[in-house]
Amino acid sequence: MPIFTCENLTKRYGTVLALDHINLNIEPGRIVGLLGPNGSGKSTMIKLANGLLTPTEGRILIDGKAPGVETKAIVSYLPERTYLANWMSVRQILDYFQDFYADFDRERAVKMLEHLNIAETQRIKQMSKGTREKVQLILVMSRRAKLYLLDEPIGGVDPAARDYILNTIIGNYDPSAAVIISTHLIADVEQLLDEVVFINGGHIIRHTPVDEIREQMGMSVDALFREEFKCF
Amino acid sequence: MFLKLVKHESHAAARAMLPLLLGLLAMSLLARGSIWLVDTVDSPVTNVIAVFLIGTFFLSCAAMVVTTMILMMVRFAKSVHSDEGYLTHTLPVNVSTILLSHLLVSFVAVLLSFGAVYLGVRIATLGVNSYKAMGLNLSAILNQVGIDTGSMLLRLGCILGMGILVTILMISAAISIGHSFATGKTGKSVLFFFVLYFAQQLISSVVMVAVIAAEYSTTGSLAMEMDAVNTIPSTMLWFSMAQLTFFGGVYYFLTWFMTKKHLNLA
């Protein structure tokens, strides 16, 4: 059974159509790149999967269920912005995650934080933007979730931090889980991906395994993306 | 999960509330010192300082409850409708649990602020005989006109408690409606607070007039006229309770509906 399903999924913001009758299935154990230019509908799809938005039409299913309490327990979500309260210390945030997520592996999180020399007593407000994003990623990847939804995980960080983030994703996700990474920085994530979904103007214009792009089309995902989304 | 939410929310609320509580208690000690100064030193300068400090203390008492309410509502807006909402709404809990945990913590915080004001006044007036006499006289007056002080306080307590809950729910509803817009979320929240407030006042007034008119048209007189002292508080109590329950329910539904169906995190 697919871990992530969209059936005629449509989302409208007033008169703006963000997603237009999307159909998509993603199987467990795959790392999928949700790729598209800004405003293509990537974040909207991820927010719908997390129950942060309600579909205008159609439905979205996580492990066969509509977004709700049960699906939130198996989805680990990294939003594109920092959601941690500034006044909280790392320890308080670890307690928070441990309290609410049964699949949170505190030991794993502590090890990753130690590796980055981030003390548990440090407060979020004392951290740089890059460090906050790393802490958030560590928390998200320390869950043994069935589905990881990562929205622009490398959007606002320097190239060195990008490598750290990508290594953290590769090194910590459960191989039986699915990972959906939304980004427009394709060259950086390309080596991780099993499949790509190209999205533009609320439509899926391609859903292809990465090997097929490389072997049959003889080009990289980045090159294909540039060709398909060429600005005239 | 509800208790876990309450635990974490209480922690966040306590962090904001503690400086306020300590500040008020410090002000009450200063006010007590001022009263002692007025009693023992007869100088225009000390009198001016004392009046200033006592005045500031009573202003602080008034500000305490309002500030607590504002702090709790800012906390609600942050945690449910802004960036922190990305975490709050992806926890494996439903919207009702989130809203009820906020309602409970805010309610307790406001009650604590009333408690702090009471404690502050007791500290500031410690050993002041006229204050005690004032309380005793009020009780005697109420008893003389046939009103039991204990029962009256209980009724007022019920109305006050429900009033606090409904006010929290009204502000929560206004914030939830205001934050469903893409821009000007804070401004629109304030605007909707006034819209809800005036709507409540208007509906309450219309219903009250209708009830009185209906009673007058059937009996040809008003029950309140017969035994004003006992009937008015009782009638008003039930009328207030009924209308607060109605408005509380409406505001809770509005908050839940806007948060569940029209969540619009930035």
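Read top to bottom, the protein sequences are chains A and B. Letter by letter, the first sequence follows residues 30 to 261 of this note's numbering. Letter by letter, the second sequence follows residues 33 to 298 of this note's numbering. C-beta atoms are modelled at their ideal positions from N, C-alpha and C, and glycine is treated no differently.
### Message
Does chain C have any CB closer than 8 Å to the CB of Y177/A?
### Response
Going by chain labels, chain C is absent from the structure shown, which instead holds the protein chains A and B.
### Query
Given a threshold of 16 other Cβ atoms within 10 Å of its Cβ, counted over all protein chains shown, does P51/B qualify as buried or as exposed?
exposed
### Query
chain B beta carbons: is any one of them nearer than 8 Å to that of D128/A?
yes
### Query
From the beta carbon of T122/B, is the nearest beta carbon of chain A less than 8 Å away?
yes
### Proximal residues to I199/A (C-beta, below 8 Å), its chain only, five neighbours per side dropped
L221
### Query
Expressed to the nearest angstrom, what Euclidean distance is found between the alpha-carbon atoms of L197/B and F225/B?
15 Å
### Task
Starting from R152/A, follow its DSSP beta bridges and name the residues at the other end.
S118/A
### V77/B to L85/B span [Cα, whole Å]
12 Å
### Message
Could you tell me the alpha carbon to alpha carbon distance between L301/B and V125/B, rounded to whole angstroms?
### Response
Because chain B here runs from 33 to 298, residue 301/B falls outside it and cannot be looked at.
### Query
If we count the other Cβ atoms within 10 Å of its Cβ and call it buried at 16 or more, is L297/B buried or exposed?
buried
### Query
Going straight from the alpha carbon of I215/A to that of A95/B, what length do you get?
54 Å
### Query
Which one of S118/A, H236/A, V45/A has the shortest CA to CA distance from K154/A?
S118/A
### Query
From S75/B to Y112/A, what distance separates their C-alpha atoms?
57 Å
### Within 8 Å, strictly: CB atoms of A174/A and E56/A
no
### Query
If you run the structure through DSSP and keep just helix, strand and coil, what is E36/A?
strand
#### Entry: 8 Å CB neighbourhood of I15/A in its chain, flanking five on each side removed
Chain A is shown from 30 up to 261; residue 15/A falls before or after that span and cannot be answered.
#### Entry: Neighbouring residues, chain B, relative to V186/A (Cβ below 7 Å)
The contacting residues do not exist; V186/A stays about 18 Å from chain B at best.
### Query
What is the C-beta distance between C190/B and M268/B, in whole angstroms, given that I count them as a contact (C-beta under 8 Å)?
That belief does not hold up - the Cβ atoms of C190/B and M268/B are roughly 12 Å apart, past 8 Å.
#### Entry: Cβ pair count under 8 Å reaching 3, the region 126-143 of chain A against the region 80-91 of chain A
no
### Query
Would you call the region 149-165 of chain A and the region 116-133 of chain A in contact, with 3 or more CB pairs under 8 Å?
yes
### Query
Roughly how many angstroms separate the alpha carbons of I75/A and P96/A, rounded to a whole number?
11 Å
### Query
In its own chain, which residues sit with a C-beta less than 6 Å from the C-beta of M258/B, not counting the 5 before and 5 after it?
Residue placement at M258/B is poorly supported in this model, since its pLDDT is 48, which falls under 50; the coordinates are not used for a value here.
### Simplified DSSP state of D223/A, which is helix, strand or coil
coil
### Query
What number of angstroms, rounded off, separates the C-alpha of L123/A from the C-alpha of G65/B?
46 Å
### Query
Roughly how many angstroms lie between the CA atoms of M49/B and G147/B, to the nearest whole one?
13 Å
### Query
How many angstroms separate the CA atom of S111/B from the CA atom of K259/A?
40 Å
### Query
Using a Cβ-Cβ distance under 8 Å, would V239/B count as near chain A?
no
### Query
Is DSSP giving A214/B helix, strand or coil here?
coil
### Task
Under the assumption that I200/B contacts L286/B (Cβ atoms under 8 Å), give the Cβ distance between them as a whole number of angstroms.
No, I200/B and L286/B are not in contact; Cβ-Cβ is about 13 Å, not under 8 Å.
### Task
Give a yes or no on whether the minimum CB-CB distance between H211/B and chain A is below 8 Å.
no
### Task
Output, in sequence order along the chain, the residues in the region 64-80 of chain B whose CB is closer than 7 Å to any CB in chain A.
none
### Message
Buried or exposed, going by whether 16 or more other CB atoms sit within 10 Å of the CB of K40/A?
### Response
buried
### Query
What residue from N201/A, N229/A, E244/A has the CA that sits closest to I60/A's CA?
N201/A
#### Entry: Cross-strand partners of E86/A (DSSP beta bridge)
T39/A
### Query
Hey, L266/A and R88/A are a contact pair by Cβ (cut 8 Å); roughly how many whole angstroms apart?
Nothing about residue 266/A can be read from this structure; chain A reaches only from 30 to 261.
### Message
Assuming the contact rule is C-beta atoms closer than 8 Å, I32/A and L176/A should be a hit. Round their C-beta distance to whole Å, please.
### Response
5 Å
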